[in-house]
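K.L.:
Taken in sequence, the protein lines are chains B and Z. If you're matching positions, the first sequence starts at 0 in numbering that gives the first Met the number 0 and goes up one per residue. If you're matching positions, the second sequence starts at 0 in numbering that gives the first Met the number 0 and goes up one per residue. First, the structure itself, so that you have it in front of you.
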Amino acid sequence: MSKPVVATTSLAGCFGCHMSLLDIDEKILDLIELVEFNKSPIDDIKEFTKPCDIGLIEGGVCNSENAHVLKDFRKNCKILVSVGECAIMGGLPALRNGIPVKECIAEAYLGVPSVENNKEGILPNDDELPMITDRVYPCHEVVKIDYYLPGCPPRAELIWEAVAALVTGNEMKLPYEVVKFD
Amino acid sequence: MSEKVKFTIDGKECVAERGQNLVDAAADNGVYIPSLCHLRDVIPAGSCRICNIKNAGRIMTACTTPVEQGMEIENDISELNDMRKAIVEMLFVEGNHFCPACEKSGNCELQALAYRFQMMVPRYPYEFPIKTPDTQDSRLWIERNRCIKCKRCIRTIKTEDGKNIFAFQERGHKVEINIDHELAAGLSEEKIQEATDNCPVGSILKKGTGFSQPIGTRRFDKEAIGSDIEKVV
């Protein structure tokens, strides 16, 4: 029987959740016995090459590319999991929610002291660049999400337990210390 | 003269003084009734509704219910716990609760209730309301993004001659906490600390003291809220 296939991505995240996934120590050897990775920064597969069983999503949706990738994950994965505070509620990127996008862009490209050579006041506006969304969206406000793993990042044990439970069908252990929002 | 009365919570026999509020009476008997706006020895406000219990089939707030002889209270039942969890979730979406960036994280009672009820994601859509913090005081920081309107600060922090330091302004969903800067300037350091400690969330903070406790040593890192009460007896 072929192994269950896992895909992962980082949208508007910091890769901390991926680091936490790698933080399962020697259990990483069990993990690669248990599952096969497809599209993921871990193996650098850029596009889906087959249907996947589990998609782990880090980060919320802050631009059109994030929304495109998230919808692509929904299409190709049977189960989608929001991993971490940013995927669940927007996280730190969502601190900009409530501030108009124009103000955010102006702050980054015109206002900051480190910008010295933008005398014409050019703002990034190329068709190739993803459009910034009006605010940062939690993943479940864009596509259906099946499970949520809170934390910043979610504790390595939590991610491991969740993936193992999904793959084996065993009940998940949720000790008090493991489910935290920071 | 105080009179002792007998009552039950989820079938457990309890004894308390007649008229004592149910949250404190339960705690004295080793039963935790989850609550958020209530503080022991402070006149209850009954504003958060987390402490909802069932008395004779009716749902009411335990903090504003005086104990009477023969009461049969339902507390730890799925109907009430789901209602409490729903209120916690509502509070999370109504404010801007960025736990990873909050000074109170780990010591926050709202967060601790979410842990206790295993909230993985709120069932309601996030509002991301626009709130303006008040940072002009030299010692206190009023972070309105996190305020849950429990009125603990209004009820407990006063000047020596009994004047309020904190008050609500506006009405309805626009209501927000405000501080009288002139009166606050006269507060002792102990009162400043008390205002910070009494705030269940990270809305009133003593400046210059954030993130002083390492993760793992904070109040709710290892022990669920209410477990100290349940351990007694």
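Heads up, the beta-carbon is just placed ideally off N, CA and C, and yes, glycines get one too.
Which residues bound the alpha helix (DSSP H) around B/F72?
P.N.:
One-based indexing of the first sequence puts residue 72 of chain B at position 73. Per DSSP, B/F72 belongs to the alpha helix (DSSP H) from S63 to N75.
K.L.:
Based on Cα-Cα distance, which residue from Z/D9, Z/P99 and Z/L90 lies nearest to Z/A55?
P.N.:
Against the second sequence, residue 55 of chain Z aligns to sequence position 56. Nearest of Z/D9, Z/P99 and Z/L90 to Z/A55, Cα basis: Z/D9.
K.L.:
In or out: B/K101 buried (at least 16 other Cβ within 10 Å) or exposed?
P.N.:
By one-based count along the first sequence, residue 101 of chain B stands at place 102. Exposed, because fewer than 16 other Cβ atoms sit within 10 Å of the Cβ of B/K101.
K.L.:
Compare the C-beta of Z/V120 with all C-beta atoms of chain B and state if any pair is closer than 7 Å.
P.N.:
Position 121 of the second sequence, counted from the first residue, corresponds to residue 120 of chain Z. It does; some Cβ of chain B falls within 7 Å.
K.L.:
Tell me, please, which residues DSSP counts as bridged to Z/S34.
P.N.:
As a working mapping, residue 34 of chain Z is identified with position 35 in the second sequence. In DSSP, Z/S34 forms no bridge with anything.
K.L.:
Between the C-alpha atoms of B/E140 and Z/P124, what's the straight-line distance to the nearest angstrom?
P.N.:
The residue labelled residue 140 of chain B in the question sits at position 141 within the first sequence. The residue labelled residue 124 of chain Z in the question sits at position 125 within the second sequence. Whole-angstrom Cα-Cα distance: 8 Å.
K.L.:
Which ranges would you report for the beta strand (DSSP E) in the region 73 to 152 of chain B if only whole runs of at least 3 residues count?
P.N.:
Runs found: 76 to 82, 131 to 136 and 146 to 148.
K.L.:
If distances are taken between C-alpha atoms only, which option among B/P129, B/A86 and B/L91 comes closest to B/P137?
P.N.:
Taking the first residue of the first sequence as 1, we reach residue 137 of chain B at position 138. Comparing Cα positions, the closest option is B/A86.
K.L.:
Looking only at its own chain, which residues have a Cβ that is under 6 Å from the Cβ of Z/A24, when we skip the five neighbours before and after it?
P.N.:
Numbered from 1 along the second sequence, position 25 holds the residue referred to as residue 24 of chain Z. For Z/A24, where only same-chain residues beyond five positions count, the Cβ hits under 6 Å are A15 and V66.
K.L.:
Kindly say whether Z/S257, judged by its beta-carbon, lies nearer than 7 Å to any beta-carbon of chain B.
P.N.:
Outside the shown range of chain Z, which is 0 to 232, sits residue 257 of chain Z, and nothing can be said about it.
K.L.:
Using a Cβ-Cβ cut-off of 6 Å (strictly less than) and excluding sequence neighbours within five positions of B/F14, which residues of its own chain qualify?
P.N.:
Within the first sequence, residue 14 of chain B is the residue found at index 15, counting from 1. Cβ within range, chain order: n/a, list empty.
K.L.:
What do you get for B/L21, buried or exposed, if any count of 16 or more other CB atoms within 10 angstroms of its CB means buried?
P.N.:
Taking the first sequence and counting its residues from 1, one reaches residue 21 of chain B at position 22. The residue is exposed, with fewer than 16 neighbouring Cβ atoms inside 10 Å.
K.L.:
How is Z/D136 classed by DSSP in three states: helix, strand or coil?
P.N.:
As a position in the second sequence, residue 136 of chain Z is number 137, starting the count at 1. Three-state result, Z/D136: coil.
K.L.:
So which residues on chain B does Z/F127 lean against when the C-beta distance must stay under 9 Å?
P.N.:
As a position in the second sequence, residue 127 of chain Z is number 128, starting the count at 1. Within 9 Å Cβ-Cβ: G89, A93, N96, G97, R134 and V135.
K.L.:
Just to make sure I have the definition right: I need the residues of chain B whose C-beta is within less than 9 Å of the C-beta of Z/P132. Which are they?
P.N.:
Here residue 132 of chain Z refers to the residue found at position 133 when the second sequence is read from its first residue. The premise fails here: Z/P132 is roughly 12 Å from chain B at the closest Cβ pair, so nothing lies under 9 Å.
K.L.:
Out of B/E176, B/P50 and B/D126, point me to the one whose CA is closest to B/S63's CA.
P.N.:
Numbered from 1 along the first sequence, position 64 holds the residue referred to as residue 63 of chain B. B/S63 has its Cα closest to that of B/D126, out of B/E176, B/P50 and B/D126.
K.L.:
Can you tell me the Cα-Cα spacing of B/A105 and B/R134, whole angstroms?
P.N.:
Sequence index remark: in the first sequence, residue 105 of chain B carries index 106 (1-based). Sequence index remark: in the first sequence, residue 134 of chain B carries index 135 (1-based). Going by the C-alpha atoms only, they are around 16 Å apart.
K.L.:
Would you mind working out which of Z/L139, Z/K84, Z/G94 and Z/C101 sits nearest Z/Y114, comparing C-alpha positions?
P.N.:
Numbered from 1 along the second sequence, position 115 holds the residue referred to as residue 114 of chain Z. Answer by Cα proximity: Z/K84.
K.L.:
For the putative contact between Z/E71 and Z/T7, defined by C-beta atoms under 8 Å, what is the C-beta separation to the nearest angstrom?
P.N.:
Within the second sequence, numbered from 1, the residue matching residue 71 of chain Z stands at position 72. Within the second sequence, numbered from 1, the residue matching residue 7 of chain Z stands at position 8. 5 Å between Cβ atoms; contact.
K.L.:
Pick from B/P92, B/K74, B/L30 and B/P50: whose alpha carbon is nearest that of B/E57?
P.N.:
Counting from one through the first sequence, the residue named residue 57 of chain B turns up at place 58. Cα-wise, what sits closest to B/E57 is B/P92.
K.L.:
Quick check on the DSSP output: the beta strand (DSSP E) that includes Z/Q168 runs from which residue to which?
P.N.:
What you label residue 168 of chain Z is simply residue 169 of the second sequence in a count that begins at 1. Start and end: F165 to Q168.
K.L.:
Less than 7 Å between CB atoms is the rule here; does Z/A223 satisfy it with respect to chain B?
P.N.:
Translated into positions along the second sequence, residue 223 of chain Z becomes position 224. Interface residue, yes.
K.L.:
With a Cβ-Cβ cutoff of 7 Å, do Z/R151 and Z/S202 count as a contact?
P.N.:
Here residue 151 of chain Z is taken as the residue at index 152 of the second sequence, counted from 1. Here residue 202 of chain Z is taken as the residue at index 203 of the second sequence, counted from 1. Cβ distance not < 7 Å, so Z/R151 and Z/S202 don't count as in contact.
K.L.:
For Z/V4, which residues in the same chain have their Cβ closer than 7 Å to its Cβ, ignoring the five residues on either side in sequence?
P.N.:
Within the second sequence, numbered from 1, the residue matching residue 4 of chain Z stands at position 5. The answer, listed in chain order, is A15, R17, V66, E67 and Q68.
K.L.:
How is Z/I178 classed by DSSP in three states: helix, strand or coil?
P.N.:
Here residue 178 of chain Z refers to the residue found at position 179 of the second sequence. Strand at Z/I178.
K.L.:
Assuming contact is defined by CB atoms lying nearer than 7 Å, are Z/T98 and Z/Q117 in contact in what I supplied?
P.N.:
By 1-based counting over the second sequence, the position of residue 98 of chain Z is 99. By 1-based counting over the second sequence, the position of residue 117 of chain Z is 118. Just to set this straight, residue 98 of chain Z is Cys in the shown sequence, not Thr. No. Outside cutoff.
K.L.:
If the cut is a Cβ gap below 9 Å, which residues of chain Z does B/L10 touch?
P.N.:
Here residue 10 of chain B refers to the residue found at position 11 of the first sequence. Those within 9 Å of B/L10 in chain Z number zero; the least Cβ separation is about 16 Å.
K.L.:
Note down, in chain order, every chain D residue with its Cβ under 8 Å from the Cβ of B/E176.
P.N.:
Here the protein chains are B and Z, and chain D is not one of them.
K.L.:
Looking only at its chain, what residues have a beta carbon closer than 6 Å to the beta carbon of Z/N106, apart from the 5 residues adjacent to it on each side?
P.N.:
Mapped onto the second sequence, residue 106 of chain Z falls at position 107. These residues qualify, in order along the chain: R217 and R218.
K.L.:
Considering only the beta carbon of each residue, do B/L69 and B/V166 sit closer than 7 Å?
P.N.:
Within the first sequence, residue 69 of chain B is the residue found at index 70, counting from 1. Within the first sequence, residue 166 of chain B is the residue found at index 167, counting from 1. No; because the gap between Cβ atoms is not below 7 Å, this pair is not in contact.
K.L.:
Nearest to Z/V92 by CA position, among Z/E222, Z/E175, Z/N28 and Z/R122, is which residue?
P.N.:
Taking the second sequence and counting its residues from 1, the one referred to as residue 92 of chain Z is at position 93. The option with the nearest alpha carbon to Z/V92 is Z/R122.
K.L.:
Under 7 Å between C-beta atoms, does B/I181 make it to chain Z?
P.N.:
To locate residue 181 of chain B, count along the first sequence from 1; it is residue 182. Position check: residue 181 of chain B holds Asp in this sequence, whereas Ile was assumed. Yes, B/D181 counts as interfacial toward chain Z.
K.L.:
Take B/E35 and list the residues in its own chain whose beta-carbon comes closer than 6 Å to its own, dropping the five residues that flank it on each side.
P.N.:
The residue labelled residue 35 of chain B in the question sits at position 36 within the first sequence. Within the same chain, B/E35 has close Cβ partners K2 and V4.
K.L.:
The beta strand (DSSP E) that contains B/T186, what's its start and end?
P.N.:
Missing from the structure shown is residue 186 of chain B; chain B here goes from 0 to 181 and no further.
K.L.:
Could you work out which residue in Z/E102, Z/L35 and Z/I76 is closest to B/D181 when comparing CA atoms only?
P.N.:
If you number the first sequence from 1, residue 181 of chain B lands on position 182. It is Z/E102.
K.L.:
Taking 7 Å as the CB-CB limit, is Z/Q110 close to chain B?
P.N.:
Position 111 of the second sequence, counted from the first residue, corresponds to residue 110 of chain Z. Yes, contact with chain B.
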